[in-house]
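Please read the structure below before turning to the comments.
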Amino acid sequence: MGLRASGRVVLPGDRLCVVEEFSPDEGAAAIPNGIVVSTVAGIAEYDLKAHKVSVKPFRQSVKIGRGDLVLCQVKGVQDKLILCDIVAIAGRDLKKNWSAAILYKGETPFFTIGDLVVARVRDDVYGVYTLTVRGRGLGAFQAFCDLCGTPLVLRGRELLCTRCKRKYAGRPVVPYYGKVNTLLNIF
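Numbering (our numbering), first residue to last: 5 to 191.
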């Protein structure tokens, strides 16, 4: 790491330099005309030895990685795909919701819109996280009837709608299904 010059507050889109002077690093990007601009609000830092410019953000964004345990809410169900919003990450604060998808095989999806699901991150594909619910401790934390929308109750190994008496077998559920205090200890 070389000599650093810093201290200038920049906003997204602010000009930092031209690519002939410094190459962009984290928090900076080169636009087609050769100008390097800030991509985040923060403090500009110039590495005079390596000839790189970066921007140290004011707020650190939470990085979601492979293997992270997440709580998500189902937003949509399509053929072979369940669309979710990640609303919490185990052990870390989340400032905004992230988009995610759960892929499934078979005729019918095992989750419905509104379900709260504990899942594990498999991969990141162009900013959309793919999740898995295979494994111990993964599955629905709170599920809803896809006919009437009533919260489902766990009876043995089946989920039951107390309103329309419909039974759901084979849906993955967490061992602490419906127990909010346990969920709060994890997330």
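All residues carry an ideal CB built from backbone N, CA and C; glycine is no exception.
Handout entry: Classification of Ala147 by the beta-carbon crowding that lies within 10 angstroms, buried from 16 upward
Key = Here the question's residue 147 lines up with position 143 in the sequence shown. It counts as buried.
Practice task
Quick one: residues in its chain with C-beta nearer than 8 Å to the C-beta of Asp97, no 5 flanking neighbours on either side, listed in chain order?
Solution key: The count along the sequence shown starts at 1 and reaches residue 97 at position 93. The residues Val66, in chain order, have a CB closer than 8 Å to that of Asp97 in the same chain once the five nearest residues on each side in sequence are set aside.
Exercise for the section: Output the residue ranges of the beta strand (DSSP E) runs that lie fully inside the segment 101-154 and measure 3 residues or longer, sorted by chain position. Expected result: 102-107, 120-129, 132-136, 143-146
Practice task
Please classify Leu52: does DSSP put it in a helix, a strand, or coil?
Solution key: Residue numbering aside, residue 52 sits at position 48 when the sequence shown is read from its first letter. The answer is coil: DSSP assigns Leu52 none of H, G, I, E or B.
Handout entry: Cut-off 6 Å between Cβ atoms - residues of its own chain near Arg63, not counting five sequence neighbours on either side
Key = Against the sequence shown, residue 63 aligns to sequence position 59. Counting only Cβ-Cβ distances below 6 Å, and skipping sequence neighbours, we find nothing.
Handout entry: Cα-Cα separation between Ala105 and Lys53, rounded to whole angstroms
Key = Numbered from 1 along the sequence shown, position 101 holds the residue referred to as residue 105. Numbered from 1 along the sequence shown, position 49 holds the residue referred to as residue 53. So the alpha carbons of these two residues sit roughly 43 Å apart.
Practice task
Would you mind working out which of His55, Ala33, Gly17 sits nearest Glu24, comparing C-alpha positions?
Solution key: One-based indexing of the sequence shown puts residue 24 at position 20. Looking at the Cα atoms, His55 is the closest of the given residues.
Practice task
Taking Pro61 as the reference, give the member of Gly31, Asp150, Asn185, Tyr181 with the closest Cα.
Solution key: By 1-based counting over the sequence shown, the position of residue 61 is 57. Ranking Gly31, Asp150, Asn185, Tyr181 by Cα distance to Pro61 puts Gly31 first.
Practice task
Evaluate contact between the segment 162-179 and the segment 77-84, counting only Cβ atoms and requiring at least three cross-stretch pairs below 8 Å.
Solution key: no
Practice task
Determine the burial state of Tyr130: buried for a count of at least 16 other Cβ atoms within 10 Å of its Cβ, exposed for fewer.
Solution key: The residue labelled residue 130 in the question sits at position 126 within the sequence shown. Per the 10 Å Cβ criterion, exposed.
Practice task
List the whole-angstrom C-beta distance separating Phe145 from Leu107, where the pair is believed to meet the contact cut-off of C-beta under 8 Å.
Solution key: Here residue 145 refers to the residue found at position 141 when the sequence shown is read from its first residue. Here residue 107 refers to the residue found at position 103 when the sequence shown is read from its first residue. Wrong, their Cβ atoms sit about 20 Å apart, outside the cutoff.
Exercise for the section: For chain C, find out if any of its Cβ atoms is closer than 7 Å to the Cβ of Gly118; answer yes or no. Expected result: Checking the listed chains, one finds no chain C in this structure; it contains a single protein chain.
Practice task
Have a look at Ile47 and Lys99 and give me their C-alpha separation to the nearest angstrom.
Solution key: Locating residue 47 in the sequence shown gives position 43, where the first residue counts as 1. Locating residue 99 in the sequence shown gives position 95, where the first residue counts as 1. Computed Cα separation, rounded: 20 Å.
Exercise for the section: Please list, in chain order, all residues of the same chain as Arg70 whose beta carbon is under 6 Å from its beta carbon, the five residues on each side excluded. Expected result: Taking the first residue of the sequence shown as 1, we reach residue 70 at position 66. Correct list, in chain order: Val125.
Practice task
Using a threshold of 7 Å, state whether the C-beta atoms of Ile93 and Asp72 are closer than that.
Solution key: As a working note, residue 93 is residue 89 in the sequence shown. As a working note, residue 72 is residue 68 in the sequence shown. Cβ atoms of Ile93 and Asp72: closer than 7 Å.
Handout entry: Those residues which DSSP pairs with Asp89 across a bridge
Key = One-based indexing of the sequence shown puts residue 89 at position 85. According to DSSP, Asp89 bridges with Gln77, Ser103.
Practice task
Spell out the partners DSSP gives Ile39 in its beta bridges.
Solution key: For the purposes of this step, residue 39 is identified with residue 35 of the sequence shown, where counting begins at 1. Answer is Val22, bridged to Ile39.
Handout entry: Cα-Cα separation between Val132 and Asp89, rounded to whole angstroms
Key = Position 128 of the sequence shown, counted from the first residue, corresponds to residue 132. Position 85 of the sequence shown, counted from the first residue, corresponds to residue 89. Answer to the nearest angstrom: the Cα atoms are 10 Å apart.
Exercise for the section: Would you list the one or two residues that DSSP bridges to Val33? Expected result: By one-based count along the sequence shown, residue 33 stands at place 29. The question names Val, yet the displayed sequence has Ala at residue 33. The partner list for Ala33 (beta bridge, DSSP) reads Val41.
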